[in-house]
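**Student:** Chains as they are written, first to last, in our numbering: chain A, 1 to 444; chain B, 1 to 477.
By construction, the Cβ of each residue, glycine as well, lies at the ideal position given by its N, Cα and C atoms.
Computed from a predicted structure; not experimentally measured.
Could you have a look at this structure, given as structure tokens, before my questions?
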């Protein structure tokens, strides 16, 4: 919303942070208002307010991290910040679209900004590779999305979500095959964006190559945005049409859970590990999309919240550790338990939260997802999800084992106030919402 | 509110301990566990077997999914709480003449463990119970991992994954009960009121049974146990064997028998057969063991096998015997592992063959070790006898032949325990062992307390039986 490009470099981040805080407040102000702008292009309802609030909050935390992350690269700070703000703009559009063109615009705004940011370490080959790979594959997905939208427009005669819903309800018996084709293409594109299998191949490479801060941003904000949009799409249009979308999603959920968790077992790079962990979390979230008939938006919100908090906490520790050890492997954490017990304890909490062990929000989120999925009758998928969360424990614990079990390396960790702030805010909120879930779970 | 206080004291103490250093942490931990013990004694004094309103705490936690925070206590819970809070001071006291690295974290984890264990025993909502069940796993994992012996990385990870796998199966079971129950509630009272929730109990049984069987452990789910007991620091082993495995047997009584009665009936014979097979199998392996801690670990499998067999016999004497024996076994096994630790600490030798003639240099230790061993081989007038007798009687009522095989535990138990004692304490003196200081004050205190408990409960078990009878009758109904 505010792409403030100001020449006073030192003030950019504080101003952005304050600006975001103001927007956060303004956004909450729209609660229960249900406004629609530009011929239903943008609709502000409670769903978009809640997810928008989460997205802004995550961006705020990432910006707080960015002052230290870009401490040596002041020259381009304004560019980075403005591009990151565009990501947020795209995300906000993706929560509040009322029209498929708006969805497409949102996704493109978000993605193009991210293509740039993924490749923003210009002299690093891996970063370039990440940006380029993400761009190529992302463009394909965008093509799919656009083609799907076009086909749906062809059959229904409208981009408007409500009109599409009306069409599916009125013509339940004779929906045109073109509509299904369009639907499948759109589902594929969305599965790509949420990095669900079998469209997940970009995620590990891009996460690994991109600068750590951008990885943190991608693995939280982009996931929230993509799932918000996906959920809205599915609950508004496709679910009343047929079992076909369910079948695709069911297969995708099972594949995502299996691949995400099994591949994570073999990883030695922390960012890749989190990439696969993100894929497996996409699997759990796909379960929510599957049970969209129960209106589990609260569960979706709660889970993305818990996941983002734990992931950001993990990155708030990982980034300074990477910086001091000059390595991004899991062995960068070796012996952290002896050198810096407080940080190691915090990292353990983040990992336990991601693994879904009580009392953190991750557990409650999983529990709710499983109840919803079982209620919708996805018996085997839930069973697989439960087993994959068991596998998940193993690889999250690899980090804990490295911290406490391996001999320490000699690097000293420089930990600045900003990292500490984000870290403890995230952990405290994760614990808080883990203990008092009901306000968030029943938010809608 | 008393139930909340029981949870609050150890939790607050565990957080407070993180800010202390050195010997102070240990002293504070002891003080807090003693306060907790006092509170438990008070709870026992005000407890009335017919109604437990004084301990009731019920608040809604979340509307959708519907979850209540429900703490309460009946006789069985109270017995388990007594066991936990009685053993904790002893466990902490037993560490007094040992040097522990970073004691503030160590004792903080132990107190956190106490918090979680108390929570498991007083939760009456399935979801809350599950959370405490999981919470209990985290501190013990870190205790075993950070202060453990050789191979700790692999052993403790295996332990963690193994038990967590079981817990997740149980979680799946709870999800099913939640969806199947008419009010969508996991409250214990509503679950036992509608035991046939429309679910297929015959495989729901296995979801719960495997989770508990891993924790107890019942053969063939026991493979994590000997390694973990050996690797964990002694105080961790005491927690694991003395209290944590009682979580499993307690849960059989609380969450399996009354909630899934049809499933239990269907698989009762198989469950008893597994338990009895475990008794014989573990006893035979124990006879062959030369490592002191492993021997005790296998003997523990044999004892809890009998406990679970008595539970699955589903009659009043089996259930009561199991409760008596849970208390007795908790006390005895802590004593046994403590004695093993004393021996290992002074001889640096874990192998039975390398130790001998300790009696000559440490007569007091020899005496109290004998008392503990007698309790554990179920000599009449010791606590082990009461429990095992009732358990065997319970199994006998179910099936004579199974009782005969289960009875082997007493004979085989006497074989491996007494042989070990003979070799280690009485046997031919080995020169390297002759520098064996007799008991220190804290060791004396722990072992004498355990010894007194062994005889008191053996001679006068009536309070336990009175405490638990009404609950067991409702469960069996």
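Quick check: the Cα distance between residue 88 of chain A and residue 156 of chain B, rounded to an integer number of angstroms?
**Tutor:** So the alpha carbons of these two residues sit roughly 43 Å apart.
**Student:** Could you tell me which residues DSSP puts in a beta bridge with residue 57 of chain B?
**Tutor:** Answer is B:71, bridged to residue 57 of chain B.
**Student:** Quick one: Cα of residue 135 of chain A to Cα of residue 115 of chain A, how far?
**Tutor:** Going by the C-alpha atoms only, they are around 6 Å apart.
**Student:** If distances are taken between C-alpha atoms only, which option among A:337, A:406, A:386, A:263 comes closest to residue 169 of chain B?
**Tutor:** Checked all of A:337, A:406, A:386, A:263; the closest Cα to residue 169 of chain B is A:386.
**Student:** Whole angstroms is fine: what's the gap from residue 392 of chain A's alpha carbon to residue 194 of chain B's?
**Tutor:** Their backbone Cα atoms lie some 35 Å apart in a straight line.
**Student:** With DSSP as the reference, label residue 43 of chain A as helix, strand or coil.
**Tutor:** Here residue 43 of chain A sits in strand by DSSP.
**Student:** Going along chain B, which residues have a C-beta under 9 Å from residue 357 of chain A?
**Tutor:** Residues of chain B passing the Cβ test: 134, 135, 137, 138, 164.
**Student:** Kindly identify the DSSP beta-bridge partner or partners of residue 487 of chain A.
**Tutor:** Here chain A has residues from 1 to 444 only, and residue 487 of chain A is not among them.
**Student:** Which chain B residues sit within Cβ distance under 8 Å of residue 386 of chain A?
**Tutor:** Neighbours of residue 386 of chain A on chain B, chain order: 168, 169, 171, 172.
**Student:** 8 Å is my cut-off, CB to CB: does residue 438 of chain A come that close to chain B?
**Tutor:** Interface residue, yes.
**Student:** For the segment 366-394 of chain A, which residues have a CB atom closer than 8 Å to at least one CB atom of chain C, in sequence order?
**Tutor:** Any reference to chain C falls outside this structure, whose protein chains are A and B.
**Student:** Look at the Cβ atom of residue 111 of chain A, then the Cβ atom of residue 142 of chain A, and state whether they are nearer than 8 Å.
**Tutor:** Their beta carbons are under 8 Å apart, which means residue 111 of chain A touches residue 142 of chain A by this criterion.
**Student:** Count the other C-beta atoms from every protein chain shown that fall within 10 angstroms of the C-beta of residue 459 of chain B, then say buried if there are 16 or more, exposed otherwise.
**Tutor:** Exposed.
**Student:** By the criterion of Cβ-Cβ separation under 9 Å, what are the contact partners of residue 145 of chain B in chain A?
**Tutor:** By Cβ distance, chain A contributes 400, 401, 404, 405.
**Student:** DSSP three-state call for residue 6 of chain A: helix, strand or coil?
**Tutor:** Note that residue 6 of chain A scores a pLDDT of 44, beneath 50, so its modelled location is shaky and nothing firm can be said.
**Student:** Could you give the first and the last residue of the continuous alpha helix (DSSP H) run that contains residue 24 of chain B?
**Tutor:** From DSSP, the alpha helix (DSSP H) with residue 24 of chain B extends over 23-46.
**Student:** Kindly list the residues whose CB is nearer than 6 Å to the CB of residue 398 of chain B, restricted to its own chain and excluding five residues on each side of it in sequence; keep chain order.
**Tutor:** Once the five neighbours on either side are set aside, the close Cβ partners of residue 398 of chain B are 313.
**Student:** In whole angstroms, what is the alpha-carbon distance linking residue 430 of chain B and residue 336 of chain B?
**Tutor:** Their backbone Cα atoms lie some 22 Å apart in a straight line.
**Student:** Hey, is residue 454 of chain A's beta-carbon within less than 8 Å of any beta-carbon in chain B?
**Tutor:** Within the shown structure, residues of chain A are numbered from 1 to 444, placing residue 454 of chain A beyond reach of any answer.
**Student:** Would you give the residue range spanned by the alpha helix (DSSP H) that residue 307 of chain A belongs to?
**Tutor:** Residues 297-325.
**Student:** Tell me the start and end of each unbroken alpha helix (DSSP H) in the segment 357-409 of chain B that is at least 4 residues and wholly inside, in chain order.
**Tutor:** The qualifying runs are 358-361, 363-376, 383-398.
**Student:** So which of A:59, A:208, A:85, A:399 has the shortest CA-CA distance to residue 333 of chain A?
**Tutor:** When only C-alpha atoms are compared, the closest one is A:399.
**Student:** Distance cutoff 8 Å, beta carbons only. Does residue 187 of chain B sit that close to anything in chain A?
**Tutor:** It does not; no Cβ of chain A falls within 8 Å.
**Student:** Since residue 453 of chain B and residue 331 of chain B are thought to touch, with beta carbons under 8 Å apart, how far apart are those beta carbons, to the nearest angstrom?
**Tutor:** At roughly 5 Å, the Cβ-Cβ gap stays under 8 Å, so residue 453 of chain B and residue 331 of chain B are in contact.
**Student:** For residue 22 of chain A, collect the residues of the same chain with a Cβ closer than 8 Å to its Cβ; drop the 5 residues on either side in sequence, then sort them by chain order.
**Tutor:** Answer for residue 22 of chain A: no residue qualifies.
**Student:** Starting from residue 135 of chain B, trace the alpha helix (DSSP H) in both directions and tell me its first and last residue.
**Tutor:** 126-146 is the extent of the alpha helix (DSSP H) around residue 135 of chain B.
**Student:** Would you tell me roughly how many angstroms separate the C-alpha atoms of residue 326 of chain B and residue 221 of chain B, rounded to the nearest one?
**Tutor:** The alpha-carbon atoms of residue 326 of chain B and residue 221 of chain B are separated by roughly 19 Å.
**Student:** Starting from residue 80 of chain A, follow its DSSP beta bridges and name the residues at the other end.
**Tutor:** Note: residue 80 of chain A sits in no beta bridge, so no partner.
**Student:** Does the distance from the CB of residue 65 of chain A to the CB of residue 418 of chain A come in under 8 Å?
**Tutor:** Contact: yes.
**Student:** Would you give the residue range spanned by the alpha helix (DSSP H) that residue 292 of chain A belongs to?
**Tutor:** Looking at the DSSP string, residue 292 of chain A is not in any alpha helix (DSSP H), and its letter there is neither H nor E.
**Student:** I'd like to know whether the C-beta atoms of residue 133 of chain B and residue 167 of chain B end up nearer to each other than 8 Å.
**Tutor:** In contact: residue 133 of chain B and residue 167 of chain B (Cβ atoms closer than 8 Å).
**Student:** Does residue 317 of chain B come out as helix, strand or coil in the three-state DSSP assignment?
**Tutor:** Helix.
**Student:** How about residue 397 of chain A: is its C-beta nearer than 8 Å to some C-beta of chain B?
**Tutor:** Yes, its Cβ sits closer than 8 Å to a Cβ of chain B.
**Student:** Please state if the CB of residue 65 of chain B and the CB of residue 382 of chain A are separated by a distance shorter than 8 Å.
**Tutor:** The answer is no: Cβ separation not under 8 Å.
**Student:** Please compile the residues from chain A whose C-beta is within a distance smaller than 7 Å of the C-beta of residue 178 of chain B.
**Tutor:** Within 7 Å Cβ-Cβ: 371.
**Student:** In terms of residues, what are the limits of the beta strand (DSSP E) holding residue 35 of chain A?
**Tutor:** Run containing residue 35 of chain A: 35-37, per the beta strand (DSSP E) assignment.
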